[in-house]
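Chemist:
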Amino acid sequence: MCQCAWIVSVCVWIVSVCGHECASLILGEWRVSEVEGWRRRRTRRSRADKRRRASPPRAASAERTTMSRWPLRAPVVLTILGLAASSDPPTINKCCPQGTSLDPATFECRPSGHEWFYMNFTYGLPNCDFVLVNVNASDRVSCIDNSAETGSVVGLTCKSAADPFGFRVPEVNYVRKCCAVGRSYDAARQSCYAERHRSRPASDFFNVLMAGFRGVVDVRVGAPVCPDSFVLVDYLVHFEKVRREESESIVYRDEKHTSSRYFNPDEVCVDLTERHEMLAIRACQPGEVVCRPEGNATCVRKCCADGLAFVGNDTLHCVPSYRPLGTIRFYNMSTQPPAELEPTNPAYYLYNCPERFVLDPADVYYLGGDGLLYLKGFGGGVRDYCVEDVRDTYDVDGTHLEGLKVFKCFGDYDGELKPQMIVNSYGMIVSIVFLLLTLIVYSCLPSLRNLHGKILMLYVTCLLAAYTTHTVIVLYDTVTVDEIETAFLICKAL
1 MCQCAWIVSV CVWIVSVCGH ECASLILGEW RVSEVEGWRR RRTRRSRADK RRRASPPRAA
61 SAERTTMSRW PLRAPVVLTI LGLAASSDPP TINKCCPQGT SLDPATFECR PSGHEWFYMN
121 FTYGLPNCDF VLVNVNASDR VSCIDNSAET GSVVGLTCKS AADPFGFRVP EVNYVRKCCA
181 VGRSYDAARQ SCYAERHRSR PASDFFNVLM AGFRGVVDVR VGAPVCPDSF VLVDYLVHFE
241 KVRREESESI VYRDEKHTSS RYFNPDEVCV DLTERHEMLA IRACQPGEVV CRPEGNATCV
301 RKCCADGLAF VGNDTLHCVP SYRPLGTIRF YNMSTQPPAE LEPTNPAYYL YNCPERFVLD
361 PADVYYLGGD GLLYLKGFGG GVRDYCVEDV RDTYDVDGTH LEGLKVFKCF GDYDGELKPQ
421 MIVNSYGMIV SIVFLLLTLI VYSCLPSLRN LHGKILMLYV TCLLAAYTTH TVIVLYDTVT
481 VDEIETAFLI CKAL
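Quick note on numbering: the working numbering labels position 84 of the sequence shown as 84, and the sequence is numbered without any gaps.
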């Protein structure tokens with residue numbers, strides 16, 4: 001197709017410039033007669049127009065000059081069109097199928113979430129003895145792909161002879177999309193799978209954010225996983241105020257900031273929303289800056305990463321979920337009783353909470369507007385909690401869990417609380433000694449084994465067992481979550 005377009009444009013140029021002799025050799029006598037007839041008709045129209053308009057001599061001369069140049073300009077336009085027709089996307093060989101990346105150690109394809117667009121792709125490793133190389137634009141390779149370890153673009157090239165199917169490495173433009181290709185982000189429900197989601201073609205996203213870029217578009221799907229002390233914050237911005245830099249950074253300006261804000265490509269995702277003119281930017285931001293009381297965002301701790309939840313398992317492991325988290329109710333803790341605040345979209349910490357228990361509806365607790373958990377009997381708010389959507393899951397005691405749940409995490413005793421508990425444990429050892437002596441005395445003297453004495457002996461035995469167990473747990477610190485759950489079931493049975 002490309003060669004035909006080029007040949008046609010060259011032939012038309014030869015016809016218009018070389019005249020009857022060249023045209024008769026290339027296109028034949030019938031094509032020459034058509035060209036001459038077209039020229040005669042153009043000349044008659046030009047003379048008729050000249051008589052009707054009675055234009056000034058200079059204007060008429062300019063018109064004749066313009067018309068006389070048309071046979072030379074037309075082939076140039078057709079040549080450009082031929083070149084445009086010849087600029088079809090080239091075919092490149094991607095080492096692994098879509099959605100997977102190349103493991104540089106084993107040369108196996110691993111799931112990664114990367115999808116490539118805007119070129120024709122074939123897939124597979126080269127049929128030769130190949131070697132892994134770091135690639136730059138215009139390098140010649142046999143296949144290219146993302147590294148499963150770093151995400152950077154790597155290539156495979158044959159060691160001995162040149163690969164006849166090799167190609168030049170194109171530009172690879174990276175962008176992270178919050179939702180799967182073809183889906184938009186529901187900014188109100190903070191989910192890719194809420195009711196207000198709209199199916200949008202991939203071209204809508206690329207035309208807004210990737211306009212003007214050439215080469216491969218490397219799209220990674222999913223919100224970024226923020227490091228410790230960072231929260232995932234949602235910004236709703238008009239698409240005209242968002243741009244993507246050549247460095248792959250995302251830049252936007254809003255009404256509250258006088259300067260542009262830059263986001264690193266691995267710490268931000270962008271997507272379309274249910275409102276056509278608005279884009280959603282989800283970025284990792286320092287919690288001490290954006291969260292209350294220093295910032296304006298209400299930040300809560302989430303048990304699983306974005307897009308994961310506790311679904312269909314009794315061990316409360318994070319698995320992929322397509323259900324929105326649900327509306328979280330926040331309360332003003334400065335009033336009595338606490339007053340419910342207006343609904344707001346929070347920012348989320350990813351909180352590491354491996355040892356936890358779910359709060360029952362009978363437990364009196366509130367989530368404050370400052371993002372802290374307030375429990376009855378505690379002096380103030382606590383941070384060691386997390387919230388998560390739970391579906392088709394059961395608690396350790398067999399209770400069915402469904403919907404949005406709040407989990408209280410076991411405290412981290414590696415800080416200031418650990419030394420205090422060690423000191424308390426040594427004090428309990430002294431108490432254990434005297435409790436043991438009391439039990440021995442009451443056991444040895446028959447006069448003390450009356451009803452009152454027997455009750456006291458049972459009480460001392462319980463205290464002795466409790467103090468001993470507590471001391472062993474604190475000093476040796478070898479208890480596991482399974483042992484805690486077993487002890488919980490025993491206590492429930494008692």
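In this text, a Cβ means the ideal position worked out from N, Cα and C, and glycines have one as well.
Just so we're clear, the structure is a prediction, and the values are computed from it rather than from any experiment.
1) Rounded to the nearest angstrom, how far is the Cβ of GLU402 from that of ALA309, given a contact under 8 Å?
2) Could you say which of TYR118, PHE117, ASP103 lies nearest to PRO111 if we only look at CA atoms?
3) In this structure, how does DSSP classify GLU402 when only helix, strand and coil are distinguished?
4) Just to confirm, is the Cβ distance from ARG323 to PHE407 under 8 Å?
5) Quick one: residues in its chain with C-beta nearer than 8 Å to the C-beta of MET210, no 5 flanking neighbours on either side, listed in chain order?
6) Pick helix, strand or coil for TYR413, following the three-state DSSP scheme.
7) In the DSSP assignment, what are the bridge partners of PHE357?
8) Out of curiosity, what's the CA-to-CA distance linking GLY369 and LEU341?
9) So, do the stretch 270-278 and the stretch 185-192 have three or more beta carbon pairs nearer to each other than 8 Å?
10) Looking at VAL242: is its Cβ nearer than 8 Å to the Cβ of ILE281?
11) Just tell me which of CYS444, ASP397, ALA466, MET333 has its CA closest to the CA of SER431.
12) Check LEU475 in the structure and name its three-state DSSP category.
13) So for ILE432, helix, strand or coil by DSSP?
14) Threshold first: 3 residues or longer. Then list the beta strand (DSSP E) segments lying entirely within the stretch 431-462, N to C.
15) How would you label ILE429, buried or exposed, when you count the other beta carbons within 10 angstroms and need 16 or more for buried?
16) Under three-state DSSP, which class holds ASN332?
17) When you compare the CB positions of LEU445 and LEU464, do they come within less than 8 Å of one another, or not?
18) Do PRO90 and VAL205 count as a contact pair if the criterion is CB distance below 8 Å?
19) Per DSSP, which residues does ILE422 bridge with? Please list them.
20) Take the Cβ of ASP129 as the centre, count every other Cβ of all protein chains shown within 10 Å, and call the residue buried at 16 or more, exposed below.
21) Just mark GLY19 as buried or exposed, buried being the case when its beta carbon has 16 or more other beta carbons within 10 Å.
22) Within its chain, find whatever has a CB closer than 6 Å to the CB of ASP306; leave out the 5 residues flanking it on each side and keep chain order.
Modeler: Inspection of the coordinates gives the following:
1) Actually they are not in contact, since the Cβ atoms of GLU402 and ALA309 sit about 12 Å apart, beyond 8 Å.
2) With distances taken between Cα atoms, PRO111 lies closest to ASP103.
3) Under the three-state reduction of DSSP output, GLU402 falls in the strand class.
4) Cβ distance not < 8 Å, so ARG323 and PHE407 don't count as in contact.
5) Within the same chain, Cβ atoms closer than 8 Å to the Cβ of MET210 are found at ASN173, VAL175, VAL217, ARG244, the five residues on either side in sequence being excluded.
6) Here TYR413 scores only 48 on pLDDT, less than 50, and its place in the model should not be relied on; the value that follows carries that caveat. Annotated three-state conformation of TYR413 is coil, per DSSP.
7) DSSP, once it has assigned bridges, lists LYS408 as partnering PHE357.
8) Distance between GLY369 and LEU341, taken at the CA atoms: about 8 Å.
9) Taking 8 Å as the limit for Cβ pairs, the verdict is that the stretch 185-192 does touch the stretch 270-278.
10) Result yes, Cβ atoms of VAL242 and ILE281 sit closer than 8 Å.
11) That would be ALA466, whose Cα lies nearest to the Cα of SER431.
12) Helix at LEU475.
13) In the structure shown, ILE432 sits in a helix (DSSP, three-state: H, G or I).
14) If only complete runs of 3 or more residues are kept, the stretch 431-462 shows no beta strand (DSSP E) anywhere.
15) ILE429 counts as exposed, since fewer than 16 other C-beta atoms from the protein chains shown sit within 10 angstroms of its C-beta.
16) Correct three-state label for ASN332: strand.
17) For LEU445 and LEU464, no; Cβs fall outside 8 Å.
18) Here residue 205 is Phe; the residue named in the question, Val, does not match the sequence. PHE205 places its beta carbon 8 Å or farther from that of PRO90.
19) The partner list for ILE422 (beta bridge, DSSP) is empty, contrary to what the question assumes.
20) The residue in question, ASP129, is exposed, as its Cβ has fewer than 16 Cβ neighbours within 10 Å.
21) Here GLY19 scores only 42 on pLDDT, less than 50, and its place in the model should not be relied on; the value that follows carries that caveat. By the 16-neighbour rule on beta-carbons within 10 angstroms, GLY19 is exposed.
22) Excluding five sequence positions before and after ASP306, the CB atoms of its chain that fall closer than 6 Å to its own CB belong to ALA223, given in chain order.
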